[in-house]
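Be aware that the sequence shown starts at 16, since it is given in my numbering, and climbs by one per residue. Idealized CB from N, CA, C, for every residue including glycine. Values in this document were obtained by computation on a predicted structure and should not be read as measured data. One structure below.
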Amino acid sequence: MKKFNIRKVLDGLKEQASSSASSGQSGALENNLMHETLQSENFQLCKTVRHGFPYQPSSMAHDPVQKILAIGTQSGALRLFGRPGVECYCQHESGAAVISLQFLINEGALVSALADDSVHLWNLRQRRPAILHSLKFNRERITFVHLPFQSKWLYIGTEKGNIHIVNVESFTLSGYVIMWNKAIELSSKAHPGPVVHISDNPMDEGKLIIGYEAGIVVLWDLKSKKADYRYTYDEAIHSVAWHHEGKQFICSHSDGTLTIWNIKGQGKPFQTITPHGKQPKDGKKPEPCKPILKVEYKTTRLGDPFMILSGGLSYDTVGRRPCLTVMHGKSTAVLEMDYPIVDFLTLCETPYSNDFQEPYAVVVLLEKDLVVIDLAQNGYPIFENPYPLTIHESPVTCCEYFADCPVDLIPALYSVGSRQKRQGYSKKEWPISGGNWGLGTQSYPEIIITGHADGTVKFWDASAIMLQVLYKLKTAKVFEKSRINKEDKQNTEIVDEDPYAIQIMAWCPESRMLCVAGVSANLIIYRFSKQEITTEVVQLLEVRLQYEVNDMESPPEGGGGGDRDLPTPGTASPSPQTTGPPTHPSTSSNSSDGVRDNVPCLKVRSTPLKQSPGYQVELVVQLVWVSGEPPQQITSLALNSSYGLIVFGNSNGLAVMDYLQKTVLLNLGTVELYGSNDPYQRQPRSPRKTRQPSGGLCDINEGSASEDRCKSPTSVLASNHQQFYNGGGGRGAKMSRKLSLPTELKPDLDHRDNSFSRSRSSSVTSIDKEAREAITSFHFCETFARKGESAITPCLYVGTSLGTVLAVALNLPPAGEQRLLQPVIVLPSGTLARLKGSILRMAFLDNTGTFLPPASETWYEPNAAGADSEERDKARKRRPVSVSPSTSQELQESQYAVVCSEKQAKVIALPSQNCIFKHSITETSFVLRADVVQMNIGNCVACFCANGHIMTLSLPGLRPLLDVNYLPLTDMRIARTFCFTNLGQAMYLTSPTEIQRITYSQETCENLQEMLGELFTPVETPEAPNRGFFKGLFGGGATSLDREELFGETQAGKASRGLAQHIPGPQGLEGMKGAASGVVADLARARIALDERGQKLGELDERTAAMLASADSFGKHAHDMMLKCKDKKWYQF
16 MKKFNIRKVL DGLKEQASSS ASSGQSGALE NNLMHETLQS ENFQLCKTVR HGFPYQPSSM
76 AHDPVQKILA IGTQSGALRL FGRPGVECYC QHESGAAVIS LQFLINEGAL VSALADDSVH
136 LWNLRQRRPA ILHSLKFNRE RITFVHLPFQ SKWLYIGTEK GNIHIVNVES FTLSGYVIMW
196 NKAIELSSKA HPGPVVHISD NPMDEGKLII GYEAGIVVLW DLKSKKADYR YTYDEAIHSV
256 AWHHEGKQFI CSHSDGTLTI WNIKGQGKPF QTITPHGKQP KDGKKPEPCK PILKVEYKTT
316 RLGDPFMILS GGLSYDTVGR RPCLTVMHGK STAVLEMDYP IVDFLTLCET PYSNDFQEPY
376 AVVVLLEKDL VVIDLAQNGY PIFENPYPLT IHESPVTCCE YFADCPVDLI PALYSVGSRQ
436 KRQGYSKKEW PISGGNWGLG TQSYPEIIIT GHADGTVKFW DASAIMLQVL YKLKTAKVFE
496 KSRINKEDKQ NTEIVDEDPY AIQIMAWCPE SRMLCVAGVS ANLIIYRFSK QEITTEVVQL
556 LEVRLQYEVN DMESPPEGGG GGDRDLPTPG TASPSPQTTG PPTHPSTSSN SSDGVRDNVP
616 CLKVRSTPLK QSPGYQVELV VQLVWVSGEP PQQITSLALN SSYGLIVFGN SNGLAVMDYL
676 QKTVLLNLGT VELYGSNDPY QRQPRSPRKT RQPSGGLCDI NEGSASEDRC KSPTSVLASN
736 HQQFYNGGGG RGAKMSRKLS LPTELKPDLD HRDNSFSRSR SSSVTSIDKE AREAITSFHF
796 CETFARKGES AITPCLYVGT SLGTVLAVAL NLPPAGEQRL LQPVIVLPSG TLARLKGSIL
856 RMAFLDNTGT FLPPASETWY EPNAAGADSE ERDKARKRRP VSVSPSTSQE LQESQYAVVC
916 SEKQAKVIAL PSQNCIFKHS ITETSFVLRA DVVQMNIGNC VACFCANGHI MTLSLPGLRP
976 LLDVNYLPLT DMRIARTFCF TNLGQAMYLT SPTEIQRITY SQETCENLQE MLGELFTPVE
1036 TPEAPNRGFF KGLFGGGATS LDREELFGET QAGKASRGLA QHIPGPQGLE GMKGAASGVV
1096 ADLARARIAL DERGQKLGEL DERTAAMLAS ADSFGKHAHD MMLKCKDKKW YQF
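Here you go:
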C-alpha cells in the first residue's frame, strides 16, 4: 500500500537541512530536544467502510434464509446489507453496470451479471467478499440470469434469444444450449427478441419457462430438448411469474396489461387484467396504459394471493409519482413513491417456490431510496429504515469529522434527536436481519457533521465504523420564506437557488457551540440546550464588509497604507441599535437612484421562534449589500467558546464578533491587518464593468476582491474618510448554487483549470492577484502576540490567500459578569510568516512537541433555573485552563507554530519567530486539505493534494512519513468534503449519496478485519414442503430432475470454445490469505487441499487403469504363449 516518492523525500531532506542551517543552531538544538515518536511504520492507507445509499442502483437480490440484501449499481459497485450495522462494499474492476444478481441461497455466495457480458461468482463467507470465478461471453450479450434454489446450474439468457447453462461450482459452460429457433420453431416468422425471463416450473424442475421480449412464452422440456407449449400475445413482455402450484403463470406487458395463462391452454390467456385501465362500457379493450415493468404472484395458505406490480399507470396521470400496486383479493392499493422504481422483491417465509409463499414484506429499490413495505398490516405501512441512507436527502455541501469527542456528546445528541423521529412506521422489526457485527476495538466516539443545500445540518454517530443519524438541525427556520417577486429577488439574493445552503461549519465539541456560514453571506451561532424555549426576537447583527481601494497615487513600496495610523478597536461602547434589537429594520434599503444598500440577502423572521431541545439560535450575523454591490461569500470561519468570539473572513477582509455581548469588535480589510508593514506594493485597480460570474464551484471566488477597510454600523474603528470606488464584482451579480466550497478552496480557484495541474501563477497579473488577497484560515490560541514577547496572551492567527500569517492580539475582560460588561480589545499585531500558496491550517505545539488545543469552556445548560443556574454561573466564571507552557521559561523557545499552505509547511519557534523546519509538500500540484492531527503516539500533518496524493509529515521535524497516490481528483465534490481527523481517520463524499471512510493508521488497518461485520452466518435450510400422502401416492407433488446427468459433459458434451472465456479468481492460499480469516480460512484451505487430493486421486486412478491395461496385455500374451507351447516336448524347444 505504501508508495514513497524518493525524489520528494530527498527534496524534503535537502530543504530541512537548509532551513535548519539558516535558522542557526537553534534548529539543531530543538531537533535534539524533541524526540519524534511517529515513524513511517505507523502509517498505512486503506479504505475502511462506505456508508450511504448506493449511487445509481441498477439491480437487487435477497437471500431469504440468510436474510441479507444485495444491491448492484451502474458503476459496477456491490453493496450488501444485513442487520443494522452490517454493511459491505465491493467493486467490479471493469466498472460495468450490474444488470442482475442471484444469491446461491444459504450458500454464502452471489452471482453477478454485468453489462459487459461477464458473470462473476462472489464468496460471501469472508469479511471482505472476493470473486472466485468469472466468465466473459464473447459472442453474445447477457440479458437475463436465473439460478434455481439448491441448484448449481445457472441459466443465462441472451440478446440473441439463446440460453446457455453454467456450472457455478467450476464456472464452466455446459454443452447443453437452448437455441431460439428451436424454442419457437414455426410459431413466429420473426425473431422473438431477447430473453426477458427464465424460470423452472415450481412443481417440475424438468420444465423451463422462457419469456421472449416480442411476446412469446415457451414451456421447454429439458429432458426431451423440445418445446411442450408456446404462448403468444401481441404485446411485448416485461416479466413472468409462476403460481406456486405450477399450473398457471402471469405475464406483464408493455400496454399495462397482465395476462394469466394455464400451462395447458396455449391458445389464449385464461384471464387479462388492466389494473389501472379505464374499462369501457361497450366491452371493448381498455385504453392502453404505461408498461408494467415487473409483476410478482405470491400465494398465502389462508387468504387470497398477492399480485404486486410496478408501473402500469394510465397515460393521463401526467405528473403523478411512480407507484407500486398491491392487488390482494378485491382490494387494490396504489403506493406512491418519491423516486422512480428500479426494482422490487417480495420477501416470503419460504425459499421453496413450490410451497405457499406467505409474503410478509416488499423491498422497493428506488433511484434514491430503499423502502420496505409491511404487507401484514392494514394500510401497508413502511418499516423505519435503520441504515444511514439519507445522507443525500438534500445534497451535501460540506462535511466535518471529529474523532475522540467528549463521551457525553453522542448520548446528548441522541436524546434530543430521538424526539424528531416520524411516527406511523410498522411496529415490526426490520426484516433484513442477517449477518453478525464485528468486534470493534475502537472505543473512542466519532462524529461526522454534514451541511446540506436546504440549510439542514445533520450530526452522525460514526463510532466503530458504523454510521447512525443522531440529530437534524434546520437552519432555514431562522429566516422568513421569500415571497417577493422575481425582479426584487434578483436584486437581493446572490444565489440562483438553495439560498440557505450551508457553506462552512465551526463546532466546539467541548462547549457544544456551533456556528454555520451560509451561501447568502450569513452566519448563525447556536447553543445546545436540553430545554424547549420560545425566542420572541431573533438577535441580529448586520455587517458592512466592502472592498474599497483609495483613489490616490500608489503608496511607496512597503508602505501599503503606512501613512494611516492603525486605529485601536474595541474602545467604545457598541452601537445600541444593533445590540438590543427589538426588530431588525435595515438602515436603508434603496437609495434615491434605486441602488441596494445595507440590505441583507435573507430576511430574518420577525415572529416568535419556538426552539425545540437541541441547537437553539443565539445570534444571526448578516453581511449586507454596499452601494449596489452584493456581499462576498464567507471563505473562512472560526469560533472560540472560551473567549466568546466568532471570526469570519472573505475576499474583502475579516470581522471579529463577540457573541456574548452581541457586538462587532473588528471589521477590517485585509490590507489594514498589515498596518505599515504591507509587503506588497498595491495599486488601485481600474474600475471594471460588471461581469456575470461563470457557473460551477469556483463561483464562490468571483465578484469583488478584498482590499481596504470596510465599515460596519457597529464597528468602533475610527478612520479618515477618503474617496473610494468599488471594484470587482457585478451589480446584482448572481452566483451559482454550486459554490459550497470550504475555506481550503480559496478565492483564486477560478484561476485554475479543471485538471488542477496549473500553478498558482496563472493568467492574472501580479497586481490583480495581490489585490485579491482573501482570508483563508483562522486559529485561536494562547501564544505570543509579538516577536520577543515574554508573556502569552489570547490571540487570533489569520492566514491569507497570499500565504501570509498575521497575528491579532485579544485583550479579554475577567471572566464572569465583567466579561459581559467590559469591551474586548482587538488589536492587529504584525506578521508571523509567509509561505507559498494560500494558508490552509495553523496549530501550536509546546516545547515538548505536545499539541496545544485552543482554549474552550465546558458545556452548561443555558436555560437552567434555580440550582442549575448557580452551577451555570460557576461554570461561566471559571476561566478554562489553558494548556500553554509556563511564562517563566524566559530566553527559551516556549512554543512552536505549525503552518501549512497549499505548497509548503513550516514550523516556527516562538517568541523568536525563527523558522526551524520547512518542507516543500508539492511543486506541481497543490494541497486541498491539510490538518494537524493527533495519533496514538504523536502528532503529524496530514495532507490531501489535488494530484491524488495523501501524505503525512512528522512534527516538529516535517519528515515525510507517508506518500500514497490514492485518488486522482476527478470531482470537486471530493475536494469540498475531504476531512482528516485524529487517530488516523479520514473521509470524503465518493458520490452524491455515499461517504467513503479511510484510515492512514497502521494499527487500524491491522484491526480492520476484526472490526468488519460478517455477512454469512451458519443457518439451517428450512425443510422442504411435505408432499402429502395422496400426492406421494399419485405423483402429484414436485418432480425432481438430475441436472448433473442432463447438463454434464458426458451427455451434453463440451461447449463451444470461443463462446466464453473463463477467468479464475485469486486461487490458492495466496489469494485466500488477505480475504479469509478464522473458520473461513480453514474452510478455504480444506477446499484447496481437497482439490489437490482429488487431483492426486485422479492421477492415481489413471495410473491404476494403465497398470490394469498392462496386466491384461501381459496375461493375454502369456496365454497365447501357453497355447503355442502346450503340445511340444521339452526337447523340441
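Burial of R542 is indicated by the presence of at least 16 other C-beta atoms within 10 angstroms of its C-beta.
If the five residues before and after M520 are omitted, its C-beta is found closer than 8 Å to the C-beta atoms of C413, E415, I464, G466, V472, L529, C530, V531, A532 and L652, all from its own chain and listed in chain order. Unbroken beta strand (DSSP E) runs of no fewer than 3 residues, entirely contained in the region 969-1005, are found at 975-980 and 994-996, following chain order.
Taking C-beta separations shorter than 6 Å and ignoring five residues to either side along the sequence, the partners of V233 in its chain run A198, I225, A242 and R245, following chain order. Check the Cα spacing between V126 and each of C420, Q165 and V183: the tightest is with V183.
If you draw a 10 Å sphere on the C-beta of V619, you find 16 or more other C-beta atoms in it, and that means buried.
Around the beta-carbon of T873, fewer than 16 other beta-carbon atoms lie within 10 Å, marking it exposed. In the DSSP annotation of this structure, the continuous segment of the alpha helix (DSSP H) that includes L1023 starts and ends at Q1017 to M1026. In the displayed model, E1060 falls within a helix according to three-state DSSP. Where V431 is concerned, the enclosing alpha helix (DSSP H) starts and stops at L424 to G432. For K1069, there is no enclosing beta strand (DSSP E), as DSSP marks it with neither H nor E. Secondary structure at Y375: strand, using DSSP grouped into helix, strand and coil.
A straight-line Cα-Cα distance of about 19 Å links L836 and N655.
Closest option to D513, judged by alpha-carbon separation, among D353, D986, D469 and F96: D469.
Nearest to Q59 by C-alpha distance, out of M218, P301, E1038 and Y1015, is Y1015.
A residue is called buried when at least 16 other Cβ atoms come within 10 angstroms of its Cβ; L1115 does not meet this threshold and is exposed. In this structure, the alpha-carbon of L95 lies about 16 Å from that of D358.
When the five nearest sequence neighbours on each side are left out, the beta carbons in the same chain lying within less than 6 Å of the beta carbon of A229 are those of P207 and G208, in order along the chain.
For the pair L1030 and T1005, the Cα-to-Cα distance works out to about 23 Å.
Beta-bridge partners assigned by DSSP to C420: none are found. The beta carbon of P69 sits closer than 6 Å to the beta carbons of I86, T88 and R94 from its chain, once the five residues preceding and following it are set aside; these are given in chain order. Under the three-state reduction of DSSP output, Y104 falls in the strand class. Excluding the 5 residues flanking it on each side, T550 has same chain C-beta neighbours closer than 7 Å at P623, L624, Q626 and V632, in chain order. The region 815-826 and the region 835-855 touch, with three or more beta-carbon pairs separated by less than 8 Å. Counting along the chain, Q919 sits inside the beta strand (DSSP E) bounded by residues Q919 to L925. No Cβ-Cβ contact shorter than 8 Å links Q1017 with N400. By DSSP's assignment, I278 forms no beta bridge with any residue. In chain order, P79, K313, Q372, E373, P374 and Y375 place their CB closer than 8 Å to the CB of C363, counting only its own chain and leaving out the 5 sequence neighbours on each side. Judged by beta-carbon spacing, T158 lies within the 8 Å limit of V211, meaning their Cβ atoms are closer than that value.
About 5 Å separates the beta carbons of G1028 and W452, which is inside the 8 Å limit, making them a contact pair. Taking 8 Å as the cut-off, the Cβ atoms of V942 and C955 do not count as close. Between the region 972-986 and the region 385-395 there are fewer than three C-beta pairs closer than 8 Å, too few to call the two in contact. Only residues of its own chain outside the window of five on either side were considered, and among them Q554, L556, T594 and L634 have a CB closer than 7 Å to the CB of K677, listed in chain order.
Annotation: the continuous alpha helix (DSSP H) that includes N196 extends over W195 to I199. Counting along the chain, the unbroken alpha helix (DSSP H) around Q833 starts and ends at E832 to L836. When G1130, P1079, E1117 and G282 are compared, the shortest CA-CA separation from V134 is found for P1079.
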